[in-house]
Structure formats: structure tokens, C-alpha cells
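Participant:
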Amino acid sequence: MLPVVALVGRPNVGKSTLFNRLTRTRDALVADFPGLTRDRKYGQANYDGYQFIVIDTGGIEGNEEGIDLHMAKQSLQAIDEADIVLFMVDAREGVTAADIALADHLRRQDKSVWVVANKIDGLDADSAVADFYQLGLGEVYHIAAAHGRGVQQLLQRTLEPLRDTYPDVITPPKEERDEDEDTLVRQAEYYADQPIKIAIVGRPNVGKSTLTNRLLGEERVVVFDMPGTTRDSIYIDMERDDQKYVIIDTAGVRKRGRIDLAVEKFSVIKTLQAIEDANVVMLVIDARDQISDQDLSLLGFALNAGRSIVITVNKWDGLEQDAKDWLKQELDRRLGFVDFARIHFISALHGTNVGHLFGSVQEAYKSATQRVGTAQLTQIMDMAQDEHQPPLVRGRRVKLKYAHAGGYNPPLVVIHGNQVKSLPNTYKRYLMNYFRKALKVMGTPIKVEFREGA
Ligand code: GDP
Ligand code: GDP
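If you count by full-length UniProt numbering, then the sequence shown holds residues 1 to 454, one letter each, in order.
Below you can see the structure in the form of C-alpha cells.
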């Protein structure tokens with residue numbers, strides 16, 4: 001699990017700038033879900049050895065009334081779900097009335113709040129931040145989000161205290177994640193023995209609760225109640241054909257037939273945490289809707305997290321043939337970037353094709369965690385090389401020497417050779433696809449890494 005950091009502050013203080021720097025991406029998950037009107041962005045931050053979920057809450061002034069107040073409250077829900085709040089202010093403007101109103105609100109929350117004075121570039125830091133101590137929120141940090149100045153120190157100071165609760169906040173150094181044969185063998189054995197954790201995710205009303213009940217209903221179910229907040233999913237153990245599973249239920253199906261208990265069903269943070277914690281992400285799409293940007297964002301998030309993916313297109317019952325054909329075309333067109341994932345057309349309501357989902361889940365999990373030895377990987381690499389020689393780089397032929405496994409979830413193949421870093425992307429992609437086919441890897445992304453020399 002990753003900690004959640006919320007960026008809060010009035011418009012124009014630099015929240016998006018910091019968000020983009022932390023996530024290094026512009027395609028964040030934008031929460032344009034029904035019922036959540038204000039523009040909020042969610043992303044996975046991976047910065048200077050730290051990883052966490054970051055929310056840009058959009059602008060809040062702190063003095064909203066009427067409909068604005070309603071929307072601001074929803075943004076404040078994001079604060080509620082966060083572990084820490086970075087309260088951003090503009091060092092060039094000094095303290096404003098809106099800052100004070102927002103500070104009053106934040107002081108009343110039971111949260112770690114850190115004041116961050118942005119746009120420090122070209123200013124004298126000490127005198128620029130002095131003004132902000134009157135907000136009464138303790139120490140004031142200073143950064144220049146646009147240039148990255150101070151960001152590393154800020155993360156260190158604010159995230160370090162979370163290490164005990166969230167060990168994953170520190171990105172493990174690369175060397176620890178791969179190479180060692182014994183570790184890889186032990187890990188594969190461990191995975192083979194574990195229940196498969198499936199996160200059922202998707203937009204509100206696509207049929208997640210119905211599907212979860214259907215998956216559980218077919219077999220023996222052990223439901224245990226875990227107290228939790230709105231951002232916590234429910235974990236349900238189940239077994240089918242001698243395989244143990246844990247269903248991570250983001251929709252809030254607490255007990256079979258008691259869906260009424262599921263208040264506050266949908267939360268983006270809950271969904272993202274569930275993806276982080278799962279082995280296999282089961283994305284539910286509503287066949288009666290367009291494929292939305294949120295669907296793509298959720299897939300993108302799962303992909304970034306290296307999770308296996310199974311796609312279910314739900315509410316397939318009673319659709320006209322035209323609609324079915326059109327949707328299939330759309331899936332081809334828009335889901336090309338996850339072409340390794342199986343797509344199932346199901347009706348959770350009637351139970352049609354639901355049983356097949358387990359096969360794809362097992363296949364994806366196995367693909368992500370199976371042990372492949374150095375000899376086999378090198379042999380596949382040689383076959384690929386024989387069929388298509390690597391191209392010349394600066395007049396010399398790139399030479400691939402050997403391949404070995406580097407890790408799981410997603411499976412990593414490490415190739416050693418001469419000048420391998422200069423291989424064109426087309427050839428790298430060719431190798432990746434070759435490994436995918438040869439190893440029959442389905443449902444999970446596969447990574448190929450290149451190392452210079454032996
Ligand atoms: P948001 O509304 O809080 O998300 O603010 P933005 O990230 O959109 O930034 C508002 C403006 O401040 C933009 O013009 C940014 O280029 C500028 N800005 C952001 N960070 C910095 C900074 O560190 N230094 C300076 N000088 N300008 C910045
Ligand atoms: P959630 O918000 O994603 O958990 O969605 P629900 O499971 O609560 O379902 C939302 C609505 O879609 C309910 O009215 C369900 O009865 C309906 N629904 C779910 N699955 C299907 C399906 O396969 N076919 C049809 N026609 N309706 C469905």
C-alpha cells in the first residue's frame with residue numbers, strides 16, 4: 001500500500017506544476033465521475049526514491065458558498081482520504097484571506113498538514129516564508145515546483161515519518177529487485193503458494209457489486225468483516241477448484257444480499273489502493289456506455305503498477321448485434337495498449353460467462369509469477385536473433401549474449417550484450433513480443449531490460 005498525499009491550495013499557487021513534476025506525466029486520472037463535480041487529478045508519484053499516490057484537489061478558496069461550497073466539500077473529501085496534506089501557498093503573493101480561511105479549515109482536521117511556499121525562485125527564501133508562519137500550521141517549507149528546487153527535501157521531511165506504516169513509500173533500489181537466482185526461485189515458490197488477489201475495479205454502476213456477488217455466490221465464501229474507512233476495500237477469501245483467491249471488493253459488498261450497507265461506495269483512492277495491492281486487476285466496463293477516459297486511466301494506472309489485467313465487458317445481455325459490433329471495434333481501437341489482456345463479454349446479472357473469468361485470472365497470475373531459467377531465456381533470445389538479426393549501430397552489429405530473469409510482477413527479462421543500449425525501439429519491441437509468444441505470457445505486461453557487457 002502507498003500513502004496518499006493531497007495537494008491543497010487556492011488556484012494558481014502551483015499545484016498542477018508540482019503534480020506534474022511528481023508524476024512526470026500529464027495523463028493523470030481525472031476524477032470526472034458522476035457525483036464528483038470538481039476537477040481532481042490522481043496520479044502515482046515516483047520521485048527521487050519515494051512513491052506515493054498524489055491528488056491535486058483542484059482549486060479551493062476556503063470561502064465558498066452555495067454550489068461552490070458543495071463542490072469544495074467534495075474536494076475536501078480528498079483531504080479526508082489523504083495521509084498528509086501539502087498546503088500550497090504562493091511565496092510571491094504572501095498570505096491572502098483565502099489562505100487564512102483554508103488554514104482554519106485544515107487546522108480543524110485531524111491531519112498532518114505541511115505549509116509549502118511555492119515560487120521561491122528569485123526570492124530570498126527566509127524572508128519569503130516568514131509571512132506564512134501566521135497561518136498557525138507550524139514549519140513552512142519552500143520550493144520552486146517549476147524548477148524542482150526544494151522538492152526532494154520536502155518529500156524527505158514529510159514522507160520519512162510514514163515509513164513505518166507504509167514501507168513501500170521507499171522505492172527499493174534496483175539491485176535488490178533482481179538478479180539473484182536463489183531469491184528468484186524462492187519468490188516463484190512463494191507466489192505459487194499464495195491466494196491470488198483480484199481487485200474488481202471500474203466506474204460507479206458498471207456492475208462491480210453484482211459481479212462480486214456472482215463470483216462469490218458460485219462457491220463457498222468466507223466473509224470477514226474488517227473495520228475500515230471509506231478508502232479501505234473489503235477483502236473476501238474464496239476458493240474455487242482448489243485455488244484460493246482473495247477478492248478485493250472496492251464496491252462495498254459487505255455481506256451477500258446486504259448491499260444497502262455500502263454507503264460511500266465509490267472512491268478513487270480506494271480503487272487505486274486496491275490496484276496497488278492486487279495481483280490481478282479485473283476492470284469492469286459497462287457495455288451500455290462508451291469506453292471512457294477513466295477506464296483508460298484505470299488501465300494505465302494498473303499497467304504502471306505492473307499488475308496483471310483481465311477486462312470484463314459487463315451488461316452484454318440484451319444488446320443489439322449492431323451495438324455489440326460497434327463496441328468490439330471500439331475496444332480494438334482504444335485498448336490496443338493492453339492487447340495482452342483477455343477480454344470477456346459477460347452478464348453479471350445473469351451469470352453468463354462469469355465462470356470463465358477465473359481461468360483468465362489464473363493464466364495472468366501464472367504468467368506474471370512463473371520462474372523461467374537462464375538457459376531457456378537465452379535459447380529464446382537466440383531464436384529471436386536468428387530469425388531477425390539485430391541491426392547495425394554505427395557500422396557494428398549489436399550482439400546479444402545471454403538473457404536471464406530479473407523479477408516478477410511484471411516478469412522481467414534482462415538481456416546482456418554489446419551496444420544493447422543503442423538498439424532501436426522497434427527491435428526492442430520485437431524481442432519483447434518474441435518473448436511474450438515463446439513464453440505464452442498472457443494477461444500481464446512483460447518487461448525487457450538491456451545491460452551492457454557480460
Ligand atoms: P494551480 O492552479 O495551483 O494548479 O497552479 P499551476 O500549477 O497551474 O501554476 C500557476 C502558475 O504559476 C503557472 O503559470 C505556473 O507556471 C506558475 N508556477 C508554478 N510553479 C512555479 C514556480 O516554482 N516558480 C514560478 N516562478 N512560477 C511557478
Ligand atoms: P457498481 O456500482 O459498479 O457496484 O454496480 P452495481 O453492481 O451496483 O450495478 C449497477 C446497476 O447495474 C444495478 O442496477 C445492476 O442490477 C445493474 N447490472 C449489473 N450487472 C448487470 C448486467 O450484467 N446486466 C444488466 N442488464 N444490468 C446489470
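Ideal placement from N, C-alpha and C gives every residue a C-beta, glycine not left out.
Are the segment 426-438 and the segment 373-392 touching, with three or more C-beta to C-beta distances below 8 angstroms?
Facilitator: Touching, yes, given that three or more Cβ pairs across the two stretches are closer than 8 angstroms.
Participant: How would you write the range of the alpha helix (DSSP H) that Ile100 sits in, first residue to last?
Facilitator: That run of the alpha helix (DSSP H) goes 97-108.
Participant: Since Ser347 and Asp317 should fall inside the 8 angstroms C-beta cutoff, what is the C-beta to C-beta distance between them, to a whole number of angstroms?
Facilitator: Going by Cβ atoms, the distance from Ser347 to Asp317 rounds to 4 angstroms, so yes, they are a contact pair.
Participant: Are Leu184 and Ala438 close, meaning C-beta to C-beta below 8 angstroms?
Facilitator: Going by C-beta atoms, Leu184 is not nearer than 8 angstroms to Ala438.
Participant: Could you check the C-alpha separation between Leu162 and Lys328 for me, to the nearest Å?
Facilitator: Going from the Cα of Leu162 to the Cα of Lys328 covers about 45 angstroms.
Participant: Where do the N-terminal and C-terminal ends of the beta strand (DSSP E) with Tyr235 fall, by residue?
Facilitator: Tyr235 -> beta strand (DSSP E) spans 234-240.
Participant: Look at the Cβ atom of Lys119, then the Cβ atom of Asp56, and state whether they are nearer than 8 angstroms.
Facilitator: Their beta carbons are not under 8 angstroms apart, which means Lys119 does not touch Asp56 by this criterion.
Participant: Relative to ligand 3, is the shortest distance from any of its heavy atoms to the C-beta of Ala348 smaller than 7 angstroms?
Facilitator: Only ligand 1 and ligand 2 can be found as ligands here, which leaves ligand 3 out of the picture.
Participant: Where do the ends of the beta strand (DSSP E) carrying Gly407 lie?
Facilitator: Unbroken beta strand (DSSP E) run through Gly407: 399-407.
Participant: So Ser209 packs on Ala274, CB below 8 angstroms; how close in whole Å?
Facilitator: Ser209 to Ala274, Cβ: 14 angstroms. No contact.
Participant: Touching or not, the segment 392-401 and the segment 357-368, by the rule of three or more beta carbon pairs under 8 angstroms?
Facilitator: Flag = no, the segment 392-401 and the segment 357-368 do not touch.
Participant: Please classify Pro410 as buried or exposed, where buried requires at least 16 other C-beta atoms within 10 Å of its C-beta.
Facilitator: It is buried - the Cβ of Pro410 has at least 16 other Cβ atoms within 10 Å.
Participant: Between Asp104 and Gln419, what straight-line distance do the alpha-carbon atoms span, to the nearest angstrom?
Facilitator: When rounded, the distance between both Cα atoms is 59 angstroms.
Participant: Using 7 angstroms as the cut-off, classify the Cβ of Thr96 as near or not near the heavy atoms of ligand 1, replying yes or no.
Facilitator: No - ligand 1 has no heavy atom lying nearer than 7 angstroms to the Cβ of Thr96.
Participant: By how many angstroms is the C-alpha of Thr17 removed from the C-alpha of Ile53?
Facilitator: In a straight line, the C-alpha of Ile53 is about 16 angstroms away from that of Thr17.
Participant: With 16 as the cutoff for other CB atoms within 10 Å, does Ala192 come out buried or exposed?
Facilitator: By the 10 Å Cβ count, Ala192 comes out exposed.
Participant: Taking three-plus beta-carbon pairs below 8 angstroms as touching, is the segment 300-320 in contact with the segment 232-246?
Facilitator: With a cut-off of 8 angstroms, the segment 232-246 and the segment 300-320 do not count as touching, because too few Cβ pairs lie within range.
Participant: When the distance is taken between beta carbons, is Val338 closer than 8 angstroms to Arg307?
Facilitator: Cβ distance not < 8 angstroms, so Arg307 and Val338 don't count as in contact.
Participant: Suppose the cutoff is 6 angstroms on Cβ atoms and the five residues either side in sequence are ignored; what does the same chain contact list for Val354 look like?
Facilitator: So the qualifying residues of the chain are Arg214, Ile346.
Participant: Report whether the distance from the Cβ of His147 to the nearest heavy atom of ligand 1 is below 7 angstroms.
Facilitator: Because some heavy atom of ligand 1 lies under 7 angstroms away, the Cβ of His147 counts as near it: yes.
Participant: Are Val5 and Ile84 close, meaning C-beta to C-beta below 8 angstroms?
Facilitator: Yes.
Participant: Is the beta carbon of Tyr434 closer than 8 angstroms to that of Ile196?
Facilitator: No, they are not a contact pair.
Participant: Let's test the definition: count the other Cβ atoms within 10 Å of the Cβ of Lys440 and tell me whether it reaches 16, buried, or not, exposed.
Facilitator: Exposed, by the Cβ-count rule.
Participant: Just how far apart, CA to CA, sit Ala125 and Ser297?
Facilitator: Distance between the alpha carbons of Ala125 and Ser297: 38 angstroms.
Participant: How many whole angstroms separate the CB atoms of Ser200 and Leu211, which I take to be in contact at a CB cut-off of 8 angstroms?
Facilitator: Residue identity check: residue 200 is Ile in the sequence provided, not Ser. Sure, about 6 angstroms apart at Cβ, within 8 angstroms.
Participant: So, at 7 angstroms on beta carbons, what are the nonlocal neighbours of Ile343 in its own chain, with the 5 sequence-adjacent residues on each side left out?
Facilitator: Hits under 7 angstroms: Ile311, Val313, Leu331.
Participant: Taking 7 angstroms as the cut-off, is the C-beta of Lys119 nearer than that to any heavy atom in ligand 1?
Facilitator: Correct: Lys119 has its Cβ closer than 7 angstroms to ligand 1.
Participant: Suppose you measure from the CA of Asp48 to the CA of Gly407; what does that come to, to the nearest Å?
Facilitator: In a straight line, the C-alpha of Asp48 is about 22 angstroms away from that of Gly407.
Participant: Which runs of the beta strand (DSSP E), 3 residues or longer, sit entirely within the segment 355-430?
Facilitator: Listed in chain order, the complete beta strand (DSSP E) runs (minimum 3 residues) inside the segment 355-430 are 399-407, 412-418.
Participant: Ligand 1 heavy atoms versus the CB of Thr23: any closer than 7 angstroms?
Facilitator: Every heavy atom of ligand 1 is 7 angstroms or more from the Cβ of Thr23, so no.
Participant: Taking 8 angstroms as the threshold (C-beta atoms), are Phe301 and Thr444 in contact?
Facilitator: Not a contact, by the Cβ cut-off of 8 angstroms.
Participant: Counting only the same chain and skipping the five closest in sequence on each side, list residues whose C-beta sits under 7 angstroms from that of Ser292.
Facilitator: Around Ser292: Arg203.
Participant: Can Val115 and Leu102 be called in contact, C-beta distance under 8 angstroms?
Facilitator: No, these two residues do not count as a Cβ contact at 8 angstroms.
Participant: Is the beta carbon of Ile79 closer than 8 angstroms to that of Val8?
Facilitator: Yes, these two residues count as a Cβ contact at 8 angstroms.
Participant: Identify the continuous alpha helix (DSSP H) that holds Trp326 and give its terminal residues.
Facilitator: Where Trp326 is concerned, the enclosing alpha helix (DSSP H) stretches over 321-334.
Participant: Let's test the definition: count the other Cβ atoms within 10 Å of the Cβ of Lys255 and tell me whether it reaches 16, buried, or not, exposed.
Facilitator: In this prediction, Lys255 has a pLDDT of 43, which is less than 50 and means its spatial position is unreliable; nothing more can be read from the coordinates.
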